[in-house]
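Protein chains in written order, with my numbering: chain A, 1 to 203; chain B, 204 to 406; chain C, 407 to 609; chain D, 610 to 812.
4 protein chains.
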Amino acid sequence: MTTLVREQAEELGQRGRGRPRDEVARKRILEAALELVEAQGFAATTTDAIAERAGASKATIYRWWPNKAAVLIEALREAVAQETPMPETGSLSEDIRIQLRNFVKLLTGRRGRIFKAFVAAAQNDPEVAETFRAVWIVPRRTIAKAALERHRGRDLREDADLDLLMDAIYGPLYFRLLAGHRPLTEKFTDALTEVVLEGIRKR
Amino acid sequence: MTTLVREQAEELGQRGRGRPRDEVARKRILEAALELVEAQGFAATTTDAIAERAGASKATIYRWWPNKAAVLIEALREAVAQETPMPETGSLSEDIRIQLRNFVKLLTGRRGRIFKAFVAAAQNDPEVAETFRAVWIVPRRTIAKAALERHRGRDLREDADLDLLMDAIYGPLYFRLLAGHRPLTEKFTDALTEVVLEGIRKR
Amino acid sequence: MTTLVREQAEELGQRGRGRPRDEVARKRILEAALELVEAQGFAATTTDAIAERAGASKATIYRWWPNKAAVLIEALREAVAQETPMPETGSLSEDIRIQLRNFVKLLTGRRGRIFKAFVAAAQNDPEVAETFRAVWIVPRRTIAKAALERHRGRDLREDADLDLLMDAIYGPLYFRLLAGHRPLTEKFTDALTEVVLEGIRKR
Amino acid sequence: MTTLVREQAEELGQRGRGRPRDEVARKRILEAALELVEAQGFAATTTDAIAERAGASKATIYRWWPNKAAVLIEALREAVAQETPMPETGSLSEDIRIQLRNFVKLLTGRRGRIFKAFVAAAQNDPEVAETFRAVWIVPRRTIAKAALERHRGRDLREDADLDLLMDAIYGPLYFRLLAGHRPLTEKFTDALTEVVLEGIRKR
DNA sequence: ATCTAATCGAGACGGTACGTCGAGTCTTCCC
DNA sequence: GGGAAGACTCGACGTACCGTCTCGATTAGAT
């Protein structure tokens, strides 16, 4: 991502000679992108539409991002940055329950569409897939695993496979979001938590 | 789907007077579509390519299907029709294990790409979404639930929520397939089975 | 033209064994063709439309005519068959005047569109061109020339070039019809007659 | 015509802010169109072929012209722009003879095909018809009539109808070009001139 | 009274051109 | 040198028409 290189350069105080990047335009582009994806999905969001809504030009977009996917990816990253971190109540089941409730609230809210869009786009574009994993999936897993790790040997079995646990609780949520065969309710989340915990709890 | 209307008409003996639809061409089109999706994904599969590979003309495709998505949907439906049904070994855990192994084999095999493609396409196209559910998700769930139902009160808790169970075991598999953060191995499947069963088993 | 062969065969009483050609359908097809050309021009007249309007099938059309142009050509031939022949008043100028007036009435009438259509089609299709000449241009010229021939040495100069004369009087009429820069009136026709006669008359 | 609006804007110095139209591409497109029409006629000239030969894209063509006909019309206009004007020898018959010889040379030359194509296309498309008249027929007539006007009262009768005269000399030429029943030779042209002049000359 | 061959209406088929739309690039002027 | 405007290439989309074909149903002369 060009942006990363540039950000690093700017942190080091090495500003180029010409006019610096218009940060306002950057924000407007990312916002426009996000809104359009929310409203219409990934494929129906055109770069022309983003440019127009942002009051920017396509050239500006393509100067800073290599393609449409990259814009939307960064938009996602920004949107996701300030997400509620893992709770720490002391109780394993309570931690998980709260975490999942927050997560479901996110998915079923205005932003849910974006995640659907990204999972979709990831199937056709390896780069999107990689970024989606790096920006969204992996960080959340890392934090969540670290939080659960503290319960190991207490509520959690000594030999519990946390990767498996992660998939066991997040997988069904994504599944309902994407397949849409059943609604993604809090009741479902709670019941799921119970089942999985029953299988992983220390006895 | 136009095809349905026509099939019904034929069942009623109302064959229509003109030249009948070329069933061979229909098959070739669906096969070509399937192969191309497997090879290149949903978006990269063009109608021109389908037509050429099927030895058909684009006009024929658009006479019978309203758009590219519809062709691929029907191709999926055909491909999926003859899938392995639910096993019945007498043991709950064995039933689930075998079922999941078969399923994983399907997803990781040649056809897996198709499912990824469809889940992706479904996010951008409500019709694809509905068809995907009706053709793939729901029928499999119905069969699997019926099979598990026989264990209720025996290995399975009296009050077990089968819809929840379905999502608990299929969700993580789809998740790994789609997110791709970890491989979809048999080891994972077996471990997952165990965890979920532990949570749902009658004690 | 297949029709010719067949007509000859029928005149000789050699009817085939199968179902004979449906003459009613033939008439309806030619009529439909004519009406459509009049209404919409040559290019906009589709074979499907002809078939539908005639209550015939495209197969029937293509069984009897090699292509769309041939249908329209024969339609023209039929329409033109019963045209007013050359008048014979005894006076050269009167003969020409009457002949041209009739001709202009034809061109500016409902059928005028057809001639425009054919001249147009002839530019893109040598076969149409040839047929148009053979069916329309040449016969009329032959009759008209024969009629004028009787005036040679009397009102008409001994050395008058009748081919030239033909073009000199018909050319401007077609020109106005096709180019449409000025209306094709009787006044124009009469004036034209006068000018040309002045140039060709015996003095 | 979009081009006209733009040209006016440029004349007013309102150059617009974006990338300007690629005039080279425009020229190449029109040239390609002309060459293809000359080689294959109006109908057989495809937009894809024009685009390929011009090294342009179809999108560019359709950005500036609403359809194929419009491209060819403008191509004709450009081609026709620098045609030989009316000669002025002082002699009426010489003026006409030279003018007609030049005209016949044009029609029977490489460009003749284009005129045939346009007269044809004009019959199916009113817009083509109007443009053909405005761009080709009318300007030539205006110039030619002005040139002949100078002879009025001298070689030319006081009451000569120049519109009639125009049609009387140009009509037969177009007629032979379009109907093709006889070749369009210089001999014919000269003889025609003589006949018409005989009818119009002052005596 | 069948049998046989050609015709008919209906309509699907392969091919080919059309005109449209989106992605990503490039070019101009302005700041 | 960045940015807005907007033209450009490429390539897929879905539509329309041509001329061909394949059905079942008709219609006569031949047997």
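Cβ coordinates follow ideal geometry from the N, Cα and C atoms, glycine included. Remember, it's a predicted structure, so these values are computed and weren't measured experimentally.
Straight-line CA distance for A/K68 to A/I50?
The count along the first sequence starts at 1 and reaches residue 68 of chain A at position 68. The count along the first sequence starts at 1 and reaches residue 50 of chain A at position 50. C-alpha separation (whole angstroms): 10 Å.
Please report how far the alpha carbon of C/L603 lies from the alpha carbon of C/S499, in whole angstroms.
The sequence position of residue 603 of chain C within the third sequence is 197, counting from 1. The sequence position of residue 499 of chain C within the third sequence is 93, counting from 1. Rounded to whole angstroms, C/L603 to C/S499 spans 7 Å at the Cα level.
The alpha helix (DSSP H) with D/I682 in it runs from where to where?
Position 73 of the fourth sequence holds residue 682 of chain D. It spans 677 to 690 - the alpha helix (DSSP H) in which D/I682 sits, taken as one unbroken run.
Could you tell me which chain C residues have their CB closer than 8 Å to the CB of D/P585, listed as they occur along the chain?
The first residue shown for chain D is 610 and the last is 812, placing residue 585 of chain D beyond what the model contains.
Just to confirm, is the Cβ distance from D/E687 to D/L639 under 8 Å?
The sequence position of residue 687 of chain D within the fourth sequence is 78, counting from 1. The sequence position of residue 639 of chain D within the fourth sequence is 30, counting from 1. Contact flag set, yes.
How is A/W65 classed by DSSP in three states: helix, strand or coil?
For the purposes of this step, residue 65 of chain A is identified with residue 65 of the first sequence, where counting begins at 1. Looking at A/W65 - three-state DSSP - the assignment turns out to be coil, as it is neither helix nor strand.
Cβ of C/A553 within 8 Å of any chain D Cβ
What you label residue 553 of chain C is simply residue 147 of the third sequence in a count that begins at 1. Not an interface residue.
Within chain D, the residues that C/V443 reaches when beta carbons sit closer than 7 Å
Residue numbering aside, residue 443 of chain C sits at position 37 when the third sequence is read from its first letter. Within 7 Å Cβ-Cβ: nothing; C/V443 doesn't reach chain D, min ~11 Å.
Endpoints, the alpha helix (DSSP H) within which B/R379 is located
Looking up residue 379 of chain B in the second sequence gives position 176. Residues 365 to 382.
Taking D/R742 and C/H557 to be in contact with their CB atoms under 8 Å, please state how far apart those CB atoms are, rounded to whole angstroms.
Against the fourth sequence, residue 742 of chain D aligns to sequence position 133. Against the third sequence, residue 557 of chain C aligns to sequence position 151. That belief does not hold up - the Cβ atoms of D/R742 and C/H557 are roughly 37 Å apart, past 8 Å.
Residues in the same chain with beta-carbon distance under 8 Å from A/S91, minus the five sequence neighbours each way, listed in chain order, please.
Working through the first sequence from its first residue, we reach residue 91 of chain A at position 91. Here the set comprises D155.
Looking at the C-beta of A/H151, does it have a partner C-beta in chain B at a distance below 8 Å?
Here residue 151 of chain A corresponds to residue number 151 of the first sequence, with the count starting at 1. Closer than 8 Å: no.
Would you kindly check if the distance between the Cβ of B/L239 and the Cβ of B/R220 is under 8 Å?
Indexing the second sequence from 1 puts residue 220 of chain B at position 17. Indexing the second sequence from 1 puts residue 239 of chain B at position 36. No, Cβ-Cβ distance for B/R220 and B/L239 is not below 8 Å.
With distance defined between alpha-carbon atoms, name the residue in A/F42, A/R140, A/F175, A/P126 nearest to A/T108.
Mapped onto the first sequence, residue 108 of chain A falls at position 108. Closest option to A/T108, Cα to Cα, is A/F175.
Can you find a CB in chain C that lies within less than 8 Å of the CB of D/L801?
Within the fourth sequence, residue 801 of chain D is the residue found at index 192, counting from 1. Interface residue, yes.
Nearest-angstrom Cα distance between B/R222 and C/A465?
Counted from its first residue, the second sequence places residue 222 of chain B at position 19. Counted from its first residue, the third sequence places residue 465 of chain C at position 59. Cα to Cα, the separation comes out at about 12 Å.
Along the stretch 243 to 267 of chain B, what residues have a CB closer than 7 Å to any CB found in chain A?
G244, F245, A246
Contact set for C/A438: own chain, Cβ-Cβ below 6 Å, skip 5 residues either direction
The count along the third sequence starts at 1 and reaches residue 438 of chain C at position 32. Cβ within range, chain order: I456, R459, A460.
Going by DSSP in three states, A/P126 sits in which element: helix, strand or coil?
For the purposes of this step, residue 126 of chain A is taken as the residue at position 126 of the first sequence. Three-state DSSP puts A/P126 in a helix.
Decide if B/K230 is buried, meaning its Cβ has at least 16 other Cβ atoms within 10 Å, or exposed.
Sequence index remark: in the second sequence, residue 230 of chain B carries index 27 (1-based). So B/K230 ends up on the exposed side.
Give me the chain C residues within the contact set of D/Q708, using Cβ-Cβ distance strictly less than 7 Å, ordered along the chain.
By one-based count along the fourth sequence, residue 708 of chain D stands at place 99. In chain order: nothing, as chain C lies at least about 16 Å away.
For A/V71, which residues in chain B fall below 7 Å Cβ to Cβ?
For the purposes of this step, residue 71 of chain A is taken as residue 71 along the first sequence, with counting starting at 1. Simply none; closest approach about 17 Å.
Residues in its own chain within less than 7 Å of B/A371 by CB, not counting five upstream and five downstream?
Here residue 371 of chain B corresponds to residue number 168 of the second sequence, with the count starting at 1. These residues qualify, in order along the chain: V399.
Is the shortest distance between the beta-carbon of C/F509 and the beta-carbons of chain D less than 8 Å?
Here residue 509 of chain C refers to the residue found at position 103 of the third sequence. Not one chain D Cβ lies under 8 Å of C/F509.
Would you tell me roughly how many angstroms separate the C-alpha atoms of C/D567 and C/T599, rounded to the nearest one?
Sequence index remark: in the third sequence, residue 567 of chain C carries index 161 (1-based). Sequence index remark: in the third sequence, residue 599 of chain C carries index 193 (1-based). Roughly 16 Å between the two C-alpha positions.
On the three-pair Cβ rule with 8 Å, is the stretch 541 to 548 of chain C touching the stretch 744 to 762 of chain D?
no
Once DSSP output is grouped into helix, strand and coil, what is the label at B/E241?
Along the second sequence, read from residue 1 onward, the residue named residue 241 of chain B stands at position 38. Looking at B/E241 - three-state DSSP - the assignment turns out to be helix.
Strictly under 8 Å for the Cβ-Cβ distance: is D/I746 near chain C by that measure?
Sequence index remark: in the fourth sequence, residue 746 of chain D carries index 137 (1-based). For D/I746, the answer is yes, since a Cβ of chain C falls inside 8 Å of its Cβ.
Please list the partners that A/P183 has in chain B, where partner means a Cβ-to-Cβ separation under 8 Å.
As a first step, residue 183 of chain A must be located in the first sequence, where it is residue number 183. None at all; the shortest Cβ gap to chain B is about 11 Å.
Provide the residue span of the alpha helix (DSSP H) that contains B/V307, from first to last.
In the second sequence, residue 307 of chain B corresponds to position 104, counting from 1. Start and end: 295 to 311.
Ordered along the chain, which non-local residues of its own chain (more than five positions away) have a Cβ less than 8 Å from that of A/D159?
For the purposes of this step, residue 159 of chain A is identified with residue 159 of the first sequence, where counting begins at 1. Closer than 8 Å at the Cβ level, and outside the excluded window around A/D159, lies no residue.
At the level of alpha carbons, what is the spacing between B/R316 and B/L309?
Translated into the one-based positions of the second sequence, residue 316 of chain B becomes position 113. Translated into the one-based positions of the second sequence, residue 309 of chain B becomes position 106. Using only the alpha carbons, I get a separation of about 10 Å.
Distance, A/L34 Cα to A/L72 Cα
By one-based count along the first sequence, residue 72 of chain A stands at place 72. By one-based count along the first sequence, residue 34 of chain A stands at place 34. Approximately 7 Å, taken between the alpha carbons.
With a 10 Å radius around its C-beta and 16 neighbouring C-beta atoms as the bar for buried, classify A/R211 as buried or exposed.
Because residue 211 of chain A is not part of the residues shown, which for chain A are 1 to 203, the question remains open.
Would a C-beta distance cut-off of 8 Å place C/L583 and C/L590 closer than the cut-off?
By 1-based counting over the third sequence, the position of residue 583 of chain C is 177. By 1-based counting over the third sequence, the position of residue 590 of chain C is 184. Cβ distance < 8 Å, so C/L583 and C/L590 count as in contact.
In terms of alpha-carbon separation, which member of A/K187, A/R63, A/M86, A/N102 lies closest to A/K145?
For the purposes of this step, residue 145 of chain A is identified with residue 145 of the first sequence, where counting begins at 1. The candidate whose alpha carbon is nearest that of A/K145 is A/M86.
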